[in-house]
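Shown next, in structure tokens, is the structure this report addresses.
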Amino acid sequence: MIEDLEPFPDAPQVGEVSEPSTYWATPEMLEVPHELICEVSAQVEEVTIHGRTERVAHLGNGFTTMIPEGIDAMGETTLRGFLVWDRYLWIDYHTKPAGRVLVIERASLCRRANRTSTKHFGWYNVNHVGPARLHRGESVPVNHDVVSYALRVTPVGTQGE
């Protein structure tokens, strides 16, 4: 799962259970390292809420995720890609995804950062170049920035499931 970098008061840590609001993304939508791409079985259905039709994928253990318009999936299917945790998903969707996950690992996605000085002392422009690379460890490589986080998670069923 790719975690957005939106300013929010939480930062999921290894061992914590979270209830992320997610959508499914494909490698064509967002560039991520190949090792983060997976295939999962899903049941995709349309739901209408407030006069708007949206698609929801049921991934098991009570976990659901939103399916964007650019993904052609309906009914029993296999999704190829990855989850994206979007803390402001409610801006784009009226349906609230459900489910809880246990965070098993949290790593940085880093890209090379080319910095150029501006006319203001101490300020600079940043241009990220090259592919994002998965970085495990505390320190970020020199001349790189964290562009997002990658979470390895496992679904946690709710009681009664």
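Quick note on our numbering: the sequence shown kicks off at 198 and runs consecutively.
C-beta atoms are modelled at their ideal positions from N, C-alpha and C, and glycine is treated no differently.
- Scanning its chain for C-beta atoms nearer than 7 Å, with the 5 sequence neighbours on each side dropped, one finds no residue around Asp207.
- Taking the C-beta atoms as reference points, Val211 is found nearer than 8 Å to Val300.
- Fewer than three beta-carbon pairs drawn from the stretch 242–259 and the stretch 328–340 are found closer than 8 Å, and the two stretches are therefore not classed as touching.
- Less than 8 Å separates the beta-carbon of Val350 from that of Met198.
- In this structure, the alpha-carbon of Pro352 lies about 21 Å from that of Tyr285.
- Pairing Lys316 with Thr275, the inter-Cα distance amounts to about 52 Å.
- Here Leu331 is not near Ala310, since their CB atoms are 8 Å or more apart.
- Using a Cβ distance threshold of 8 Å, Ser218 and Lys293 count as a contacting pair.
- Linking Leu256 to Glu228 through their CA atoms gives a straight-line distance of about 22 Å.
- Within the DSSP secondary-structure output, Ile246 pairs in a beta bridge with Arg249.
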